[in-house]
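Its first residue numbered -1, the sequence shown is counted upward by one per residue in my numbering. The beta carbon of each residue, even a glycine, is placed where N, CA and C say it ideally should be. Below: the structure, in structure tokens.
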Amino acid sequence: MSLLERYRDLLPITDTTPLISLAEGNTPLISAPRLAREIGVRELWLKFEGMNPTGSFKDRGMVMAIAKALEEGARSVVCASTGNTSASAAAYAARAGLEAVVIVPAGKIALGKLAQALMYGAKLVAVDGNFDAALDIVRKMGDNYPITVVNSVNHYRIEGQTTAAYEIVDTLGDAPDALCLPVGNAGNITAYWLGFRRYHERGKTTHLPKMLGFQAEGASPIVQGAPFEKPHTLATAINIGNPASWRFAVGARDESKGCIDCVSDDEIVVAWRDLARCEGVFCEPASAAGIAGLRKLMQQGAAEPDARYVAVLTGHGLKDPAMAVEQFAAPTPIAPTMAAIERALGW
Ligand code: AN7
């Protein structure tokens, strides 16, 4: 059953909403015992959103937003993006027979994401500026042209993304004690909190989880309490200086008695490699911010060790292979002989 069908009763679906699908959602919740032990928490699960059809959590919101755009008779959709939203918008627009326009910050999106937008046939525009400048333009385009904005300022995106919270509860049988996730434009933390609250109101959970959101230090406006003019982080997905859902994220933090903190690029890289090496799960750099943040809170004695944590890994590692390879020296070619191999391996 497709995501929209499965959670139909919890979503803004009417008799005329086309139930489109690329088999999004139903992503694995993977236990992470080695990483849990190393970080010092009792129980840790990874919600691997990289297993969605375009490789990120954006597909959950996009399937809903594109379905509603179709229902309302739209011909064309537009988004600003650090990469994943544009990949997802391009794919679902292609699937639905709509035109997609995507505006990205020039030179600041990972190669895999660029390839996706191109392959899915979006009209791709790169602007000299950051994500925030691109989103400003997109909002104006939505005001001035008959085009549907599919950034998370479109509430259907948030609605679709609530499904990840439902899936976590359906798998675990209850809400976790806390949810760790990266924060960029702050749509996802908003969606998870809405989803957990909605499920709780329906009696599906015994409690509400704490929301633990993490920005990259160089792009941490919510933590600092002021927009960043020139955000900078190697986690390009969350390189955002003025999040659209800022106040909703603060609401989620405060209502859940959670936190929104920041982690350095070095801390992100360590967590990113640990996820791959300790658990065999390869996500993109931004996605490791939740694990980096949980480790930071534990080191500060600010997180409960005897609790059940879920960390959301928002995008797939293959989105940004260049960043991964950059961490290592490329191997120098050797002769294809046993002797040379033995020498190379130090055997
Ligand atoms: C892998 O694609 O904003 O806090 O334009 O791609 O909901 O914005 C991406 C964001 C985390 C942050 N992890 O989520 C975009 C875009 C990954 C992401 C986030 C993004 P939000």
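- With 16 or more other Cβ atoms inside 10 Å of its own Cβ, residue 57 counts as buried.
- Beta-bridge pairing by DSSP links residue 296 to no other residue.
- When secondary structure is reduced to three states using DSSP, residue 103 falls in the strand class.
- Secondary structure remark: continuous beta strand (DSSP E) runs of at least 3 residues inside the region 212 to 275, in chain order: 257 to 261.
- With fewer than three CB-CB distances shorter than 8 Å, the region 37 to 50 does not count as touching the region 147 to 157.
- Between residue 136 and residue 78, the beta carbon gap of about 4 Å places them in contact (Cβ cut-off 8 Å).
- Ranking 209, 232, 242, 271 by CA distance to the CA of residue 259 puts 209 first.
- Annotation for residue 277: 28, 30, 32, 33, 44 place their beta carbon closer than 8 Å to its own, counting only its chain and skipping 5 residues before and after.
- In this structure residue 339 is exposed. Its beta-carbon is surrounded by fewer than 16 other beta-carbon atoms within 10 angstroms.
- The three-state reading of DSSP puts residue 83 in helix, counting H, G and I together.
- If you compare the alpha carbons of 315, 49, 53, 293 with that of residue 307, the shortest gap goes to 293.
- Spatial neighbours of residue 180 in its own chain (CB-CB distance under 7 Å, excluding positions within 5 residues in sequence) are listed in chain order as 212, 236, 284, 285, 287, 288, 312.
- Annotation: residue 5 is outside any alpha helix (DSSP H) and is labelled neither H nor E by DSSP.
- The C-alpha of residue 270 is placed about 25 Å away from the C-alpha of residue 330.
- For residue 43, there is no enclosing alpha helix (DSSP H); the residue is found in the beta strand (DSSP E) stretching over 41 to 46.
- Residue 319 sits close to residue 110, with the two beta carbons spaced by under 8 Å.
- A direct Cα-Cα distance of roughly 39 Å separates residue 121 from residue 169.
- It is roughly 10 Å from the alpha-carbon of residue 223 to the alpha-carbon of residue 248.
- Taking 7 Å as the cut-off, the C-beta of residue 324 does not count as close to any heavy atom of the ligand AN7.
- Taking 8 Å as the cut-off, the beta carbon of residue 183 is found closer than this to the beta carbon of residue 242.
- Across the set 265, 281, 200, 345, the C-alpha of 265 shows the shortest separation from the C-alpha of residue 295.
- Exposed is the label assigned to residue 171, since fewer than 16 other Cβ atoms lie within 10 Å of its Cβ.
- Going by beta carbons, residue 119 and residue 72 fall outside the 8 Å limit.
- DSSP, reduced to helix, strand and coil, places residue 97 within a strand of the structure shown.
- The three-state reading of DSSP puts residue 53 in coil, since its state is none of H, G, I, E or B.
- For residue 180, the enclosing beta strand (DSSP E) stretches over residues 176 to 180.
- The beta carbon of residue 148 sits closer than 6 Å to the beta carbons of 63, 75, 77, 87 from its chain, once the five residues preceding and following it are set aside; these are given in chain order.
- Comparing alpha carbon positions, the residue from 218, 4, 342, 20 closest to residue 165 is 4.
- According to the DSSP assignment, residue 28 belongs to the beta strand (DSSP E) that extends over 27 to 29.
- Taking all protein chains shown into account, residue 246 has 16 or more neighbouring C-beta atoms within 10 Å of its C-beta and is therefore buried.
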